[in-house]
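Undergrad:
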Amino acid sequence: MIGSQATKGMHVLARFTPKIVECGVWSDGSNLTAIEAYPSACKRSETIQALRRPYSALSHADCEDALTCALVASLFSEKPSSLMLPEADVSPSEGWIWVPRDAFVQEALPPS
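The C-terminal residue of the sequence shown carries number 1316 in the working numbering, and the numbering is unbroken.
(1) Measure the alpha-carbon distance for Cys1227 versus Pro1258 and round it to whole angstroms.
(2) In chain order, what residues of the same chain lie with their CB nearer than 7 Å to the CB of Cys1246, ignoring the 5 residues before and after it?
(3) According to DSSP, Lys1283 sits in a beta bridge with which residue or residues?
(4) Considering only C-alpha positions, which residue in the set Asp1293, Leu1289 and Val1309 is nearest to Ile1239?
(5) From His1215 to Ser1249, what distance separates their C-alpha atoms?
(6) In whole angstroms, what is the alpha-carbon distance linking Tyr1242 and Gly1233?
(7) What did DSSP end up calling Lys1223 once you bin it into helix, strand or coil?
(8) Secondary structure at Glu1250, three-state DSSP: helix, strand or coil?
Structure representation (structure tokens):
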């Protein structure tokens, strides 16, 4: 089902935000900017967890995912340095999934 949703997303981007501004950023050239975020990639992010604290639990997992994506969009707008940036060699046509930098912090493994 994810493939189906991704195809729908690609159609929406092409229709409403046809201009690639930079890798992973699409625009209508005026008022609309679109980015891609995956909520499951943000689960380990302390930044997202802190931003979620003021909100009460939502009634459905899809609503929780939507909130997480909205918070990533807010970070993109207000504090882009908190997100992982695409490497210079990533083609803008490939897109990018925006995730907070701290989502990639790995816990130290216990000594073996």
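Cβ coordinates follow ideal geometry from the N, Cα and C atoms, glycine included.
TA: Considering the structure as presented:
(1) 32 Å
(2) Ile1252, Thr1272, Val1276, Val1303, Pro1304 and Ala1307
(3) Answer is none; Lys1283 lacks a bridge partner.
(4) Leu1289
(5) 30 Å
(6) 24 Å
(7) strand
(8) helix
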